[in-house]
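If you count the sequence shown from 1, you need to add 176 to reach our numbering. As structure tokens, the structure follows; a few thoughts come after it.
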Amino acid sequence: MSKITKRKHTIREATSTEHCVPAENQMVVKLLEGRGNNLHCVESADGAKFLVSMPTKFRKNIWIKRGDFLLIDTLPDNGKVRGEIATIIDSKFVKFLKNSDCWPKAFDNENVLSDSPNNRPTFEESSDSSDSSESS
């Protein structure tokens, strides 16, 4: 299998379109930062911060950034690494989880990005009356 074909299949698996309710050993977390060596610091819905690892099949094929939501497989609490990334959650998966009441309440007010390729932050201009009086 060529490198490009392998990457295509890996990306398809990581962002699977099959939406399913998380199992008992899975949880939704928010990515805080990358720590290096394929370890990432995440925050759970109850506010606990811990490390998760990226599986070998995703390395050098999948990139994640701060603020992304992940579905992780929890590991037995035997050290610093307490989970492994199973899926990257996109906005469609978030909608599915909210409709099935599996989305953590702590993440309700978080900003979830849309699937739009033109997703850019927008800023409103403030119309301060003090600015117009200074120019006169």
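Just so it is clear, CB atoms sit at the ideal spot from N, CA and C, and this is done for glycine as well.
Backbone secondary structure at F234 - three-state DSSP: In the sequence shown, the residue the question calls residue 234 occupies position 58. In the three-state DSSP reduction, F234 falls in the coil class, being neither helix nor strand.
Can you tell me where the alpha helix (DSSP H) with V270 in it begins and where it stops? For the purposes of this step, residue 270 is taken as residue 94 along the sequence shown, with counting starting at 1. Secondary structure note for V270: its alpha helix (DSSP H) is the uninterrupted segment 267-275.
My output table needs one value for S312: the three-state DSSP class, helix, strand or coil. The sequence position of residue 312 within the sequence shown is 136, counting from 1. For S312, the predicted model reports a pLDDT of 49, less than 50, meaning its position is unreliable and no value from the coordinates is stated.
In the DSSP assignment, find the alpha helix (DSSP H) that holds K182 and state where it starts and stops. Numbered from 1 along the sequence shown, position 6 holds the residue referred to as residue 182. That run of the alpha helix (DSSP H) goes 179-190.
Host beta strand (DSSP E) of F283 (start-end): What you label residue 283 is simply residue 107 of the sequence shown in a count that begins at 1. It is not in any beta strand (DSSP E) - F283 carries neither H nor E in the DSSP assignment.
For E163, which residues does DSSP report across the bridge? Examination of residue 163 is not possible in this model, given that the chain is present from 177 through 312 alone.
Helix, strand or coil: which one does DSSP assign to C278? Stepping through the sequence shown from its first residue, residue 278 is reached at position 102. Here C278 sits in coil by DSSP.
Beta-carbon spacing of R242, L207 below 7 Å: To locate residue 242, count along the sequence shown from 1; it is residue 66. To locate residue 207, count along the sequence shown from 1; it is residue 31. Closer than 7 Å, so yes.
What's the gap between the Cα of N201 and the Cα of D244? Taking the first residue of the sequence shown as position 1, residue 201 is located at position 25. Taking the first residue of the sequence shown as position 1, residue 244 is located at position 68. Approximately 20 Å between the Cα atoms of the pair.
Neighbourhood of T186 by C-beta distance below 8 Å, restricted to the same chain and skipping five residues each side: Here residue 186 corresponds to residue number 10 of the sequence shown, with the count starting at 1. Within its own chain, the residues whose Cβ lies closer than 8 Å to the Cβ of T186, once the five positions on either side in sequence are excluded, are K233, F234, N237, I238, listed in chain order.
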